[in-house]
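Working notes, beginning with the structure itself.
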Ligand code: VGL
Ligand code: ZN
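Numbering (this note's numbering), first residue to last: 1 to 202.
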């Protein structure tokens with residue numbers, strides 16, 4: 001067991017990000033066994049859940065004429081328009097059936113405000129609106145975070161960079177992550193994570 005100051009953050013291992021899902025990440029389901037084994041080794045366990053209303057502005061379907069994976073400009077900056085995914089209460093938003101979600105101390109949902117996306121588990125995409133996760137971790141005395149899940153280049157990467165900026169010691173276990181890799185987004189995310197002081201490990 002890791003020390004009480006170490007938390008595992010499991011990002012968005014949901015059906016829509018696994019093969020057959022609405023925004024499937026290649027091999028997304030292959031990480032589940034490894035993540036379950038890790039969950040047993042950490043005293044603090046947080047799962048995140050992408051949790052959008054049907055009218056969410058990150059969905060291409062809510063922008064007439066816009067193609068999925070095109071980029072638009074929101075008041076808070078550029079935003080990829082995604083296929084409709086992780087709609088609140090749907091099977092696609094549920095955790096992968098084999099993920100040991102019952103072992104979570106906390107499930108933090110994000111992306112529930114219609115007008116703003118939230119890749120990071122700490123701040124929404126305006127980089128200002130907090131999710132509350134920082135307070136939870138600090139009040140439990142957590143200093144070190146290990147991140148796993150989906151997708152390396154979006155929700156894992158944004159969470160890692162925000163966590164490092166908040167002063168946590170952050171490790172991303174890349175072998176327990178999978179990427180969307182849209183137009184070089186994986187390389188870009190890896191570079192930004194390293195620059196932020198995130199340790200990328202297998
Ligand atoms: C994610 C795109 C849209 C992720 C969530 O979990 O990486 N990516 N919503
Ligand atoms: Zn999403």
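Positions of the beta carbon are idealized from the N, C-alpha and C atoms, including for glycine.
When Cβ pairs closer than 8 Å are counted between the two stretches, the segment 64-73 is seen not to touch the segment 123-134, the count staying below three. Note that the segment 110-119 touches the segment 36-56; at least 3 beta-carbon pairs, one per stretch, sit closer than 8 Å. Residue state for residue 108 is assigned as strand, using DSSP reduced to three classes. For the segment 141-179, the full-length beta strand (DSSP E) segments reaching 3 residues or more read 144-150, 169-178 along the chain. Annotated as proximal: residue 150 and residue 178, with beta-carbon spacing under 8 Å. When C-alpha distances from residue 163 are compared across 199, 36, 90, the shortest belongs to 199. Inter-residue distance for residue 168 and residue 193 is about 13 Å (C-alpha atoms, whole angstroms). The segment 122-129 and the segment 95-102 do not touch, with fewer than three beta-carbon pairs separated by less than 8 Å.
At least 8 Å separates the beta-carbon of residue 87 from that of residue 79.
Contiguous alpha helix (DSSP H) elements confined to the segment 79-104 do not occur, taking only those with 4 or more residues.
Contact annotation: residue 103 and residue 83 have beta-carbon atoms that are not nearer than 8 Å.
Neighbourhood of ligand 2, defined by CB distance below 7 Å to any of its heavy atoms: 50, 52, 58, 82, 85, 86, 111, 117, in chain order.
Within the chosen limit of 7 Å, ligand 1 does not reach the beta carbon of residue 42 with any heavy atom. With a cutoff of 8 Å on beta-carbon distance, residue 31 and residue 8 are scored as not near each other. Per DSSP, reduced to three states, the secondary structure at residue 69 is coil, with no helix or strand assignment. Excluding the 5 residues flanking it on each side, residue 185 has same chain C-beta neighbours closer than 8 Å at 153, 154, 179, in chain order. At a threshold of 7 Å, residue 95 does not count as near ligand 1, since its beta carbon sits no closer than that to any of the ligand's heavy atoms. By the C-beta density criterion, residue 28 is buried, having at least 16 other C-beta atoms within 10 angstroms. Closest by C-alpha distance to residue 37, out of 20, 137, 23, 1, is 1. For residue 34, the enclosing alpha helix (DSSP H) begins and ends at 32-39.
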